[in-house]
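Residue numbers (our numbering), protein chains in the order written: chain D, 25 to 132; chain V, 1176 to 1285. Glycine included, every Cβ here is placed at the ideal spot set by N, Cα and C.
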């Protein structure tokens, strides 16, 4: 049973648009919520992460929104670019359980 | 500083064969782990280690063994390969709150 549920499975966005990927977790003991970006043939790489003591974290065009009471967190990619086309994974600590992934395609 | 390295990059095995996937890190991280990645399943934790001499099972440990004799190395052994073990395998190490992944090994079992 997956402890971290991610949606959607795939997402197509026009260049300049906003990409939103959502995750929900079950274990309230989780205390670290990273997002990973993976390009074809490569390993996942950390994109941005948040701890539950804040509700939002922004790094450049990437923002994590965190709702502790709902046990949900989301990744927002502003001004999406074709170079953002990749698979995105959310995860939750402590033994790093991953969501199933979202394949993002940004059309020029 | 090479980060996390994995060998081989590709491997084809016949059912019943055994092999070891190698993983090494040069960041002096205590925590290392192995994941398998399958379409629609994300990354699933196979085994992990919190330091030399200490290993534990993850979500999908059956059919895999690990050992951790040094901080740097964390090999994954398939004792008797099965077609269900066809997957991409990633090794990772964690330090400073961040997890670093290797480039992966694509394994096909026929």
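Residue i and residue j closer than 9 Å at C-beta
| i | j | result |
| --- | --- | --- |
| residue 38(D) | residue 111(D) | no |
| residue 1237(V) | residue 1251(V) | no |
| residue 1268(V) | residue 1274(V) | yes |
| residue 1223(V) | residue 1264(V) | no |
| residue 79(D) | residue 90(D) | yes |
| residue 1254(V) | residue 1208(V) | no |
| residue 66(D) | residue 1278(V) | yes |
| residue 31(D) | residue 127(D) | no |
| residue 1196(V) | residue 1280(V) | yes |
| residue 68(D) | residue 1249(V) | no |
| residue 1181(V) | residue 1198(V) | yes |
| residue 71(D) | residue 99(D) | yes |
| residue 109(D) | residue 130(D) | yes |
Helix, strand or coil at residue i [DSSP, three-state]
| i | result |
| --- | --- |
| residue 68(D) | coil |
| residue 106(D) | helix |
| residue 5(D) | Outside the displayed range of chain D (25 to 132) lies residue 5(D), so it cannot be described from this structure. |
| residue 82(D) | strand |
| residue 91(D) | strand |
| residue 97(D) | strand |
| residue 1281(V) | strand |
| residue 75(D) | coil |
| residue 54(D) | coil |
Identity of the residues DSSP links to residue i by a beta bridge
| i | result |
| --- | --- |
| residue 29(D) | 48(D) |
| residue 34(D) | 127(D) |
| residue 1275(V) | 1268(V) |
| residue 60(D) | 70(D) and 113(D) |
beta-carbon residue i near the ligand FMN non-hydrogen atom, thresh 8 Å
| i | result |
| --- | --- |
| residue 92(D) | In terms of ligand content, the structure shown is empty, and the ligand FMN therefore cannot be addressed. |
Subject >> 3-residue-minimum beta strand (DSSP E) runs that sit fully inside the stretch 1187-1272 of chain V, ordered along the chain >> reply: Counting whole runs of 3 or more residues, the stretch 1187-1272 of chain V contains the beta strand (DSSP E) stretches 1194-1200, 1206-1213, 1217-1226, 1229-1232, 1239-1241, 1251-1253 and 1262-1270.
Original post:
Given 8 Å as the limit, is there contact between the stretch 53-69 of chain D and the stretch 116-126 of chain D, that is, 3 or more CB pairs closer than that?
Top reply: The answer is yes - the stretch 116-126 of chain D touches the stretch 53-69 of chain D, with three or more Cβ pairs under 8 Å.
Original post:
Pairing CB atoms from the stretch 27-47 of chain D with CB atoms from the stretch 98-112 of chain D, are three or more of them under 8 Å?
Top reply: Judged by Cβ distances under 8 Å, the stretch 27-47 of chain D makes contact with the stretch 98-112 of chain D, as three or more pairs qualify.
**OP:** Tell me, please, whether the stretch 1176-1183 of chain V touches the stretch 1228-1235 of chain V by the rule of three or more beta-carbon pairs shorter than 8 Å.
**Re:** Contact between the stretch 1176-1183 of chain V and the stretch 1228-1235 of chain V is absent: fewer than three C-beta pairs spanning the two stretches fall below 8 Å.
Original post:
Are there three or more Cβ pairs, one per stretch, closer than 8 Å when the stretch 1275-1284 of chain V is compared with the stretch 1179-1189 of chain V?
Top reply: Yes: at least three Cβ pairs fall under 8 Å.
Subject >> Inter-stretch contact (C-beta, 8 Å, three-pair minimum) for the stretch 45-57 of chain D and the stretch 86-101 of chain D >> reply: Touching, yes.
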